[in-house]
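> Okay, handing you the structure first.
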Amino acid sequence: MGDSGQSDNPLPSSGVSSLDDARTETELVSSELFGLIKVKGKADEGGARISECGDGKDPEKYYQTFQPSTFYPESPDQLAGVMEQLKAELPAHGWRIVEYEYDTSRNKNLNLTADHDERRFSVNIIHLAKDEQPSLSLHVVSGCYEVPEGERVDGY
34 MGDSGQSDNP
44 LPSSGVSSLD
54 DARTETELVS
64 SELFGLIKVK
74 GKADEGGARI
84 SECGDGKDPE
94 KYYQTFQPST
104 FYPESPDQLA
114 GVMEQLKAEL
124 PAHGWRIVEY
134 EYDTSRNKNL
144 NLTADHDERR
154 FSVNIIHLAK
164 DEQPSLSLHV
174 VSGCYEVPEG
184 ERVDGY
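If you're matching positions, the sequence shown starts at 34 in my numbering and goes up one per residue.
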């Protein structure tokens, strides 16, 4: 995924879906991912949003969904080992790990990116271990949806 949250590669097609159904599916995927974090804490979720697909696709007809969120553990030390646990468990839930490395920031945050090819979703999880309040940042993004015949995308 690039800085915009969109993949550096062309987006896969996610088929035809209404905006509401696509947002609901994105929120479900995000919720399922939070369920894999076996630590007590709270999630800061703003709900699924939409953005353009890019790649020259008509923005009135094509869109993608994304949901940024943050998980704060009850105790900062509870996040120790969570990224390794997610790396081990995600494949059993259909996710393919495509990146698992420390970033180049001063804090050297651990990043995990995984794709769910069947459901056409990608997630980037960053362990912000050295922040004042350690957390996990999750960014779920879909492939490119097409609105049903006779509808158009609104609400960017």
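Using N, Cα and C, we set each Cβ at its ideal position, and we do this for glycine too.
What alpha helix (DSSP H) runs, 4 residues minimum, are completely inside the region 102 to 150?
115 to 122
> What's the call for Arg139, buried or exposed, on a 16-neighbour Cβ count within 10 Å?
exposed
> Could you give the DSSP three-state label for Leu161: helix, strand or coil?
strand
> Please name the residue, chosen from Tyr178, Gln100, Glu117, that lies closest to Asp77 on a Cα-to-Cα basis.
Gln100
> Expressed to the nearest angstrom, what Euclidean distance is found between the alpha-carbon atoms of Ser46 and Glu85?
Their backbone Cα atoms lie some 13 angstroms apart in a straight line.
> Looking only at DSSP bridge pairs, what is Ser51 linked to?
Per DSSP, none; premise fails for Ser51.
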